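Chemist: In our numbering, the protein residues as written are 15 to 291.
By construction, the Cβ of each residue, glycine as well, lies at the ideal position given by its N, Cα and C atoms.
Predicted, not measured: the structure shown is a model, and the values here were computed from it.
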Ligand code: DGL
């Protein structure tokens, strides 16, 4: 029997609020599509969890997005991209049609990094899970073998952000500490990737702590440009991404809490619905 797929929204997933910084850039670049954002706030942060747990949680959320009609899901979360994406692509997607796709945020970032760095020395701030996976090192090496990647795990940054403490003196302390440790690894780093979608919320603090000659990169525009290019190169999938400009938001935590904080990340007020996993 031939299965005819109908177009659905593009799914955007993150463990919590961070993916909204990527969604914001995607929605600006590609406003014509329908989107569903899914934040697994009840189980965030993912960054400190084991490989198996991150894969299990991410897969559950991706399945819910497929159930909601999405054919394309973006893991707007570095931790999930680093720890779950490959297994989902290589094993779990076999249960769905060949048109169902899941994409991450690490590849688009590493694909362009060699065009930005002049010293060929790049720093990455990320969660412990992303750093442990070595995904940034491995992926950068595939595209630009001459670029050296130095990583620093920042396990306090996501909890500070999720708990609304990103503007306080506690955040200043941890940002400066992690910046110092990263830069001690090489004085020649000229580019630093914010390799966690939560981190752009602390942009001003990080910018102040990082010497002015070092370029800071957040992922929103990089992922949005890469998605636009991907859809142009995959017209069959593009036809399965519904046009309409409608956006909906789901959280596994309280919708009220989500709506109170999401605006900081998304740049405008959102109205979410609770989703019980
Ligand atoms: N926003 C996620 C990322 O990009 C991490 C948040 C978490 O630790 O759950 O890695």
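1) Considering residue 157, what are the terminal residues of the alpha helix (DSSP H) in which it resides?
2) Quick check: residue 66 and residue 30, are their CB atoms within less than 8 Å of each other?
3) Measure from the C-beta of residue 224 to each C-beta in chain B and report whether the shortest distance is under 8 Å.
4) Got a sec: does ligand 1 put a non-hydrogen atom nearer than 7 Å to the Cβ of residue 122?
5) So is the beta-carbon of residue 25 under 7 Å away from any non-hydrogen atom of ligand 2?
6) With a cut-off of 8 Å, do at least 3 Cβ pairs link the segment 231-240 to the segment 122-131?
7) What residue does the alpha helix (DSSP H) around residue 95 start on, and which one ends it?
8) Can you list, in chain order, the stretches of the beta strand (DSSP E) that have 3 or more residues and sit fully within the segment 28-69?
9) From residue 50 to residue 262, what distance separates their C-alpha atoms?
10) Rounded to whole angstroms, what is the Cα-Cα separation between residue 273 and residue 40?
11) Counting beta carbon pairs with one atom in the segment 206-215 and one in the segment 134-148, are three or more of them shorter than 8 Å?
12) Report, in whole angstroms, the separation of the C-beta atoms of residue 79 and residue 37, which I expect to be a contact under 8 Å.
Modeler: Straight from the coordinates:
1) Counted as a single uninterrupted DSSP element, the alpha helix (DSSP H) harbouring residue 157 occupies residues 149-157.
2) no
3) Absence of chain B from the displayed structure is noted, only one protein chain being present.
4) no
5) No copy of ligand 2 appears in this structure; the ligands present are ligand 1.
6) Short answer: they touch.
7) 92-97
8) 49-53
9) For residue 50 and residue 262, the distance between alpha carbons rounds to 5 Å.
10) 20 Å
11) Yes: at least three Cβ pairs fall under 8 Å.
12) At roughly 13 Å, the Cβ-Cβ gap does not stay under 8 Å, so residue 79 and residue 37 are not in contact.
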